[in-house]
Structures are given as C-alpha cells and as structure tokens.
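Protein chains: 2
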Amino acid sequence: MKNSTIKTATIVGAGLAGSLWAIYLAKAGYKVTIFERRTDIRKAEISAGKSINLALSTRGWTAMKEVGIERSIEPLAIPMTGRIMHPTDGELTYQPYGEEGQAIYSVSRGGINAKMMDLAEATGNATILYSHKCVDVEFETGTVTVVNSETNETLKHTADVVFACDGAYSAVRYSGFQKLDRFDFSQDYIDDGYREILLPANADGSYKIDKNALHIWPRGRFMLIALPNEDGSFTCTLFMPFENNEYSFDKLKTKNDVDNFFKNVFPDFYEMMPDIADQWEDHPLSSLAIMRCYPWTSGKVALMGDAAHATVPFYGQGMNGSLEDCYEMGRLMKKHNENWEAVFKEYQEVRKPNGDALQDLSVYNYKVMAEYVADPHFLLKKKFEHRIHDLYPNKYLSLYSMVSFSNIPYAEAHSKGKEQDTFIEGIMAEHDIESLMNSGDIDQLIHTVFKNK
Amino acid sequence: MKNSTIKTATIVGAGLAGSLWAIYLAKAGYKVTIFERRTDIRKAEISAGKSINLALSTRGWTAMKEVGIERSIEPLAIPMTGRIMHPTDGELTYQPYGEEGQAIYSVSRGGINAKMMDLAEATGNATILYSHKCVDVEFETGTVTVVNSETNETLKHTADVVFACDGAYSAVRYSGFQKLDRFDFSQDYIDDGYREILLPANADGSYKIDKNALHIWPRGRFMLIALPNEDGSFTCTLFMPFENNEYSFDKLKTKNDVDNFFKNVFPDFYEMMPDIADQWEDHPLSSLAIMRCYPWTSGKVALMGDAAHATVPFYGQGMNGSLEDCYEMGRLMKKHNENWEAVFKEYQEVRKPNGDALQDLSVYNYKVMAEYVADPHFLLKKKFEHRIHDLYPNKYLSLYSMVSFSNIPYAEAHSKGKEQDTFIEGIMAEHDIESLMNSGDIDQLIHTVFKNK
Numbered sequence: 327m328k329n330s331t332i333k334t335a336t337i338v339g340a341g342l343a344g345s346l347w348a349i350y351l352a353k354a355g356y357k358v359t360i361f362e363r364r365t366d367i368r369k370a371e372i373s374a375g376k377s378i379n380l381a382l383s384t385r386g387w388t389a390m391k392e393v394g395i396e397r398s399i400e401p402l403a404i405p406m407t408g409r410i411m412h413p414t415d416g417e418l419t420y421q422p423y424g425e426e427g428q429a430i431y432s433v434s435r436g437g438i439n440a441k442m443m444d445l446a447e448a449t450g451n452a453t454i455l456y457s458h459k460c461v462d463v464e465f466e467t468g469t470v471t472v473v474n475s476e477t478n479e480t481l482k483h484t485a486d487v488v489f490a491c492d493g494a495y496s497a498v499r500y501s502g503f504q505k506l507d508r509f510d511f512s513q514d515y516i517d518d519g520y521r522e523i524l525l526p527a528n529a530d531g532s533y534k535i536d537k538n539a540l541h542i543w544p545r546g547r548f549m550l551i552a553l554p555n556e557d558g559s560f561t562c563t564l565f566m567p568f569e570n571n572e573y574s575f576d577k578l579k580t581k582n583d584v585d586n587f588f589k590n591v592f593p594d595f596y597e598m599m600p601d602i603a604d605q606w607e608d609h610p611l612s613s614l615a616i617m618r619c620y621p622w623t624s625g626k627v628a629l630m631g632d633a634a635h636a637t638v639p640f641y642g643q644g645m646n647g648s649l650e651d652c653y654e655m656g657r658l659m660k661k662h663n664e665n666w667e668a669v670f671k672e673y674q675e676v677r678k679p680n681g682d683a684l685q686d687l688s689v690y691n692y693k694v695m696a697e698y699v700a701d702p703h704f705l706l707k708k709k710f711e712h713r714i715h716d717l718y719p720n721k722y723l724s725l726y727s728m729v730s731f732s733n734i735p736y737a738e739a740h741s742k743g744k745e746q747d748t749f750i751e752g753i754m755a756e757h758d759i760e761s762l763m764n765s766g767d768i769d770q771l772i773h774t775v776f777k778n779k
Numbered sequence: 327m328k329n330s331t332i333k334t335a336t337i338v339g340a341g342l343a344g345s346l347w348a349i350y351l352a353k354a355g356y357k358v359t360i361f362e363r364r365t366d367i368r369k370a371e372i373s374a375g376k377s378i379n380l381a382l383s384t385r386g387w388t389a390m391k392e393v394g395i396e397r398s399i400e401p402l403a404i405p406m407t408g409r410i411m412h413p414t415d416g417e418l419t420y421q422p423y424g425e426e427g428q429a430i431y432s433v434s435r436g437g438i439n440a441k442m443m444d445l446a447e448a449t450g451n452a453t454i455l456y457s458h459k460c461v462d463v464e465f466e467t468g469t470v471t472v473v474n475s476e477t478n479e480t481l482k483h484t485a486d487v488v489f490a491c492d493g494a495y496s497a498v499r500y501s502g503f504q505k506l507d508r509f510d511f512s513q514d515y516i517d518d519g520y521r522e523i524l525l526p527a528n529a530d531g532s533y534k535i536d537k538n539a540l541h542i543w544p545r546g547r548f549m550l551i552a553l554p555n556e557d558g559s560f561t562c563t564l565f566m567p568f569e570n571n572e573y574s575f576d577k578l579k580t581k582n583d584v585d586n587f588f589k590n591v592f593p594d595f596y597e598m599m600p601d602i603a604d605q606w607e608d609h610p611l612s613s614l615a616i617m618r619c620y621p622w623t624s625g626k627v628a629l630m631g632d633a634a635h636a637t638v639p640f641y642g643q644g645m646n647g648s649l650e651d652c653y654e655m656g657r658l659m660k661k662h663n664e665n666w667e668a669v670f671k672e673y674q675e676v677r678k679p680n681g682d683a684l685q686d687l688s689v690y691n692y693k694v695m696a697e698y699v700a701d702p703h704f705l706l707k708k709k710f711e712h713r714i715h716d717l718y719p720n721k722y723l724s725l726y727s728m729v730s731f732s733n734i735p736y737a738e739a740h741s742k743g744k745e746q747d748t749f750i751e752g753i754m755a756e757h758d759i760e761s762l763m764n765s766g767d768i769d770q771l772i773h774t775v776f777k778n779k
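Line by line, the protein sequences give chains Z and C. Converting from the first sequence to the numbering used here requires adding 326 to each position, the first position being numbered 1. Converting from the second sequence to the numbering used here requires adding 326 to each position, the first position being numbered 1.
Here it is as structure tokens:
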C-alpha cells in the first residue's frame, strides 16, 4: 500500500450497490463517505407493499455472504421456488426454478437497502450524507463536487478512490465519463413500459395466491407478473408496449378501458381485484432502458452497478449483477493488494463482457416470460432439462440455473446456454421426447447421450 | 400561419448547417437569432491550408441552390474528378468518380462557413451572437438559456421555434434531449483516430501532386488521404487505429518512429515531405465517433446536422447530409405551411432512416478507401459498373454515384446499392469480365442483361 495514513474512499449513491460496497470498503479499513442525492429512505414513510420488490438470487447472496451480512437479510426475503403461470382460461401450471430447496427470493428494494445502510454505518467506518447531489468529478485527483440540496452549498470532497454507484441515470457518468474522449455510451429504451399494481392481502392478512412463487400471466407480447410482499400483498407489474400494438398502454385511456382490459385479458386477476381501474393510476407508467458504456474506470474513479450496465428487469438479475460487481471488485482489491490502478484495469476488462451478457440475457428473458412459458415445446424442454440435470447434475445445468443458482460469469453462462440449447433442440428434433417422458423411457435416452459426455 | 406578428426562430450553432438554415429561415421571413459558442471565425487568423477541408457534392449543392447561394460558394470549391491511388511501390492509378464533368469539390470548412455567415447576415433577418454558449433548453416554450462567455451573463431567449445545429457534441442534445424520457442515444467511437498534416505548395506556389483529385494512400487497415487547398497546399489526413494494430498511432512515439513510418509506408509522400517528423505534432491526434439518437424533435425544438447524426468522414457526406437536412426541413416547412408540429413530425420520421443510412455508408466506405480501392476485383467491378452506366444511364447508377451525384435519399441509395452489388457480383461470378473488357465483348453481355431490365 502506498499510503500509510488513513485510507479514504468516496461512494456516490447509497442504493443497493453503494451500501453493500461501503461495507466491503469499511471492512477493509477504508474511511468511506457516501453521497446520496435523496433523503434518508429509512426516515421516509414507506408502506411495505408499495416499494418495488426484486428477486434476490445466488449471486446476490454470494456477494452478501462475503462480508457476512446474509443472516441480516434472510428475514426480509420470501422464497419463490418456481413460476406459476396464469393462462386466460384453464388451469394454473407450475414450473420449478431449480432443484428441491432452490429458490429465488422476493425482497423489498427499500427494505434491504435500509438494512444495508444500517450495516454500513454499523461498521463505524462509513458515513452517509443525504441530499447531496453529485455535479462534477475530477478523475485524476479523485475529487467529487456535490451540492447540498437543502442548503444549496457546494462541497468538494477528495478521496483515494471514488466509486459511482449512482444508478442508471448516474451523475458521475453523465457529468464526468460522458465528457471523456473515446467514451462509448448508449441508452436504448425498449418499446415497452411498466406500471405497478398493488394486489392487497385478504382481510385476514393471508395471501390471495400462492406466496412461494413468482406469478406470471404470459400473454405473448406482454405480461403481468406478481411478487409476494411480507404483509400478504403482492406487487404486480404489467409490462406492455407503450403504443403500436393490439394491446398497449396508449389504449388504456379511461377507467372503462382498464376495467375491460383486465376483465378480458386477466380474468382470474380481475376476480381478485375488481377495483383495478380505481387503483390504476396509483403508480406511474415508467420506461425501461438498456444502458451500455465503456470504459468503466478512469483515473481514480470507477462505475459500478446500474451506472455501468443498467438493464431491463426480465431476468431478475439487475440487482444481483450489481451486488456481484461488489464481490468482484472486492476480490480484485485483495488480489492486487489495493493497488487501485491494477484493480480498475482488471475490473473493467473482466466485468464488461459480463455486464453485456447480463443485458443480453435480460432482453432475451422477456420473450421467455411473456411468450415461451406458455409454449408446450418450451415446457417440455424445461422438463427434459430438469430430468437430465437430475441424472447428471455435474454435466448439465440449465441456462436459468447457471444465471440464477450459480456464480458462473454471465458471459460464460450465456454462451454455454446457447450451446446447450442447440444440443437439446437437436435431440428433441430426433426423438419424441414427450412419449419417452410419458413411457418412462427417457432416462435410457439421457444415459445414452450423457454417460460419456 | 398562427402568428400574424413577427415570426421568430433561434438557431444554436453557426456552423455549416446553422448558417445555411439561417438563410432558409431568413428568406422565409423569420427573424433569426443564432447563438454561437465560439468567437467569430471570420475575425480569427486562419491560414487557408490549416483549416480542415471537406468534400462538397451534389446534395450540398442542391441545398445551397434552393436558396440561391451556389454562385457565391463556387469560387471556393476545387473540383476533384476522381481518386488517385498511391501504392507503396509502383504506378499511381486513377479512378474517375463519375461521368465526364462530374466531380466532388474540395472546400475549406472555415472558408465556406464564413461565406455562409456573410450571406445569412446579408439577408437582414439574421443576427449571430458569438461567445454565447447554450446551457439549457425548454422544449415546450422554445426557450434557450445561453451564457455569454465574455461577460458571464446568462440570458434566456424565446422564439417560435428552435433549431439545434450545434454539432456532434450538441449542447442542446446533451442538456436537453438526453434528459427526456425514452430518448435513445449512442456515441460509439471507432478504433481509429486521425491526424492532419499540411503538405505545402512548391516554392512557386504550384501543387506537388495533381490538384483535381482526391489522393489516397490505401494500406489495408489504415490510409492517408490528401485534398487540395486553394493556395497550392494539400490537407492530408492519416487515419489509423489508435492502438492494437501492426501500424497504430501509439507506435509513433518519437520523431524517429514517424520518420521511419513515412519512409517505409508512404515513400512517395515522404519524398515530397522529408521533414514530416518535424510537422507531426502541428495538429492534434483526434478521435472519430458515430452518434445516433431519436427522437430528433421535441416540442418546439429540432436537432439538425451532426447534432442529430454525427458520422465518420469516410464517405465525405457528413457536411452534405447536414446541408440536405436544411433542404428537407425547408421543403417540409413549405409543405406544412409552417405548422411546425407537422413539420417536425414528418422531418424526423422521414429523415432518421436517412441519417442512419448515411452513418452505415460512412463506416462501410472506410473499408472501400483503405482496402478495396487497392483490390483488383474491386477495380474491375468499378470499370464494369462505369461501362454499364455508359450504356444504360437510366438503368444503372453505382452506389457511389447515388450517394455523391444524386439526391436519392441515403436509405434508398444504401438498400439499392446492396441489391445492385449482389446482382453485379452474380454476373462477375458467371463471366470472365476482365477478358470481355479486354476483348471488347463486354457491351454484348451488358446489352443481354440490361436491355429488358
């Protein structure tokens, strides 16, 4: 280490990546100053059900375990062991996400964020300054300029190293990186927007639908999903094109439009929430974008999480990928003995392809959720894959499992997933898998194929 | 027209698009205020050869003719009727760009910009305010906020309609459009940079190489080009990867490196300019980017030229495309009787695909210039195409001619060009075109193919 005096770090943004990364740095002995644009979410009124929830999976847990905080988060997490599909007519169907005991976890964004802020402050090494908006950054000195939005005072703060964890609309990226020569950047909005809907608990506080599942109403080009909250409610999200589609947000102008839409398209949901039209405008219609950029580091400053690779939510990996950034940065901090120049160089080289793959996977999974999960061929393939994995757990892991239940780098999971898919589709083209599943002869085929693979 | 009082317009940026568009608006009776970030280029010292030159072609002339200014520009334009290729060893070769009498024109950017500023002011309806930097824009009111960099005063200026002609690094796009929800944007730097070199005139003021051509030293993955200036000099530009290549800018560190590089790679150029190593750092090493965005208009504000579709310079169409924006905006202004909402809607819908095609063509043409022009198959194809066009001028126009010598929309030229190329390659695969050209039997083949096409 160059510096024998106190080691300092600045983090811009006290969101999920920022507060977890503060714990990593604080535990490594850094004096950490976190500037957060908003007020303290712990002091604001947030009713549990109204905060957005997210799906926490293996990568997120791995990153939290590394600094020993997973036990503090577990009480806030509701396991979802599979998907329950709600067709327009007919029976619900269930697809387990993984093996017995595997699950992704519904968590409230605000809830786990507040907990991680507590844990960061509890280290004694991290200070969060709220209502401090970053307006400028100097790469070579590690200086950020922040404006206190309550007093309107401007402050310059210098540290050994600076981390921008300030989200998709990162001020550090916008006011700093984007002005660098040869900085590649793109923001691409998808054609779809989303609107959240709170499906309340029953009068007795119980859940209206199965608590331990992620519910999907797949409708081809659009979908409704629901994730459980701790209070018995579900946060539901309708993803749909803004315009130019048979069903699109621009066609839901009146309460009557909304009422008819739910009645016809999501009849079982409508039955549970016949006053949907009255709640329709409780949450805003929001847009969704993929943001890519490179480089991710310059001088003493690094982008992490959404600031580096904001994605669409369809694989439930945005948060997990951001927390994994912390794990990776932490690993490299140790590997290079806190030589930040070396850390940053390897961080961006290793992590960028994974950020890109995370984004590609996220876009792809919209199709899976909205369309494929209702497709008999896809469902059969899922069952076939599960059986292969049961018999050859070390030789076959589905793409979903690699992404959600492993720490295999996203880029590797993505390319291996494509390879496997070609392979499986080949077998399915040659054999009548459905009959073999029904007759029980499927294991023989699997053994033939995988025994010596 | 809604307004019976004075019609007003703001233009941000007094560059090529801004000053031409000011003439269009002034002639249509608008009181035009132009805010330009820089000082008046007409008062700054610019020696002719040191300004960048550009290739003016048909689209640019068309846009200038529409407002009757082409006669004022002609004296500043040097015709280049074709390309002269300089191989490492051996003879120079010549490829005409088009038919007898067709040419693209070398112009000094500063020179024609200054002239168009004069012409705009001469209308009596346009005022250019220099050292006024745009820092904000309000879309619904048509208000721009500018800072006078000499006095540091901030000014808000409102007009009926606002045009951002402020280039690749557009302040209006950056501080306005980029903050709009669902605004798609990307800046992609290519791997190559460029450095300009001034090849001086002979002692008697004469040109060292043919004046009426664009000179190219094609070297596969990189190239040197030269365009004539009025004073006998040439502005030469070396385009080359920044790094990671056998030949790249990062390898030219010392005077000795530069000297050896030119001696070995561009021997005939080196002979004309043996002191190249001393002039090497007269001009900076610069980067090149493609910038795409959408929408191009919002409320009362529209992006034009590089602000909407900045491109790399390899097709010589950046300026021409920007001037064509003026032509198109002018056409729509008339068509919709100055109903700007309607004008802007059609402008962006019609023009965006052409901006994209311009950019795709620009990237593609780097390959043409650096690699294909030295490829015998490409040269034979060019000759074959010229002969087809000679015999069937209404049935065959090469891609280059569609782009440079016609006003066919870029997107149409691009797709037609791809179609034609497949077709021509098909004929070339079936017939020995070289022998037929030599024997004179080529016309018979062309007649067979094109007579009834």
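Glycine is no exception: its CB is placed at the ideal position from the N, C-alpha and C atoms.
Between the options, which has its C-alpha nearest residue i's C-alpha?
i               : options                           : result
E667 of chain C : C:D486, C:K579 and C:I404         : C:D486
T283 of chain Z : Z:I395, Z:S496, Z:A755 and Z:K579 : For chain Z, the structure presents residues 327 to 779; residue 283 of chain Z sits outside this window and is missing.
V470 of chain Z : Z:D651, Z:Y350, Z:V627 and Z:L380 : Z:V627
N451 of chain C : C:D686, C:M695 and C:I337         : C:I337
C619 of chain C : C:Y673, C:D682, C:Y726 and C:M645 : C:D682
F544 of chain Z : Z:I768, Z:D608, Z:K693 and Z:Q504 : The displayed chain sequence assigns Pro, not Phe, to residue 544 of chain Z. The shortest Cα separation from P544 of chain Z among Z:I768, Z:D608, Z:K693 and Z:Q504 belongs to Z:K693.
Y495 of chain C : C:T637, C:F595, C:S732 and C:P610 : C:T637
Y431 of chain C : C:Y573, C:A539 and C:A490         : C:A539
P413 of chain Z : Z:Q674, Z:G642, Z:F592 and Z:T365 : Z:F592
V488 of chain Z : Z:D514, Z:D507, Z:D594 and Z:A348 : Z:A348
T623 of chain C : C:V498, C:A403 and C:M442         : C:V498
Let me confirm a value: residue i is counted as buried when at least 16 other C-beta atoms fall within 10 Å, else exposed. Which label applies?
i               : result
N691 of chain C : buried
F749 of chain C : exposed
Q770 of chain Z : exposed
L703 of chain C : A small correction: the amino acid at residue 703 of chain C is His; Leu does not occupy that position in the sequence shown. It is exposed - the Cβ of H703 of chain C has fewer than 16 other Cβ atoms within 10 Å.
L418 of chain Z : exposed
R385 of chain C : buried
S761 of chain C : exposed
S559 of chain Z : buried
S468 of chain Z : This sequence places Gly at residue 468 of chain Z; Ser is not what is there. Flag for G468 of chain Z reads buried.
E362 of chain Z : buried
E751 of chain C : exposed
N680 of chain C : buried
What is the rounded straight-line gap between the Cα of residue i and the Cα of residue j?
i               : j               : result
Y356 of chain C : L649 of chain Z : 56 Å
M411 of chain C : S724 of chain Z : 55 Å
G375 of chain C : P554 of chain C : Note that G375 of chain C scores a pLDDT of 39, beneath 50, so its modelled location is shaky; the value from the coordinates is reported in the next line. C-alpha separation (whole angstroms): 9 Å.
H773 of chain C : S765 of chain C : 16 Å
K353 of chain Z : E392 of chain Z : 11 Å
A603 of chain Z : M645 of chain Z : 31 Å
P405 of chain Z : K579 of chain C : 59 Å
T563 of chain Z : S741 of chain Z : 30 Å
A389 of chain Z : S398 of chain Z : 13 Å
S574 of chain C : R364 of chain Z : 46 Å
H483 of chain Z : N474 of chain Z : 12 Å
Looking at the structure shown, is residue i part of a helix, part of a strand, or coil, going by DSSP?
i               : result
H458 of chain Z : strand
A628 of chain Z : strand
V498 of chain Z : helix
N474 of chain C : strand
Is residue i close to the ligand MN? I mean its beta-carbon at under 6 Å from any heavy atom of the ligand.
i               : result
S345 of chain C : The ligand MN is absent from the structure shown, which contains no ligands of any kind.
Positions along the segment 612-639 of chain C whose CB lies within less than 7 Å of some CB in chain Z: Interface annotation for the segment 612-639 of chain C against chain Z: S613, criterion Cβ-Cβ distance under 7 Å.
Residues from the segment 515-534 of chain C in contact with chain Z, defined by Cβ distance under 8 Å: Y515
Residues, ordered as in the chain, of the segment 665-698 of chain C that lie near chain Z by beta-carbon distance below 9 Å: none
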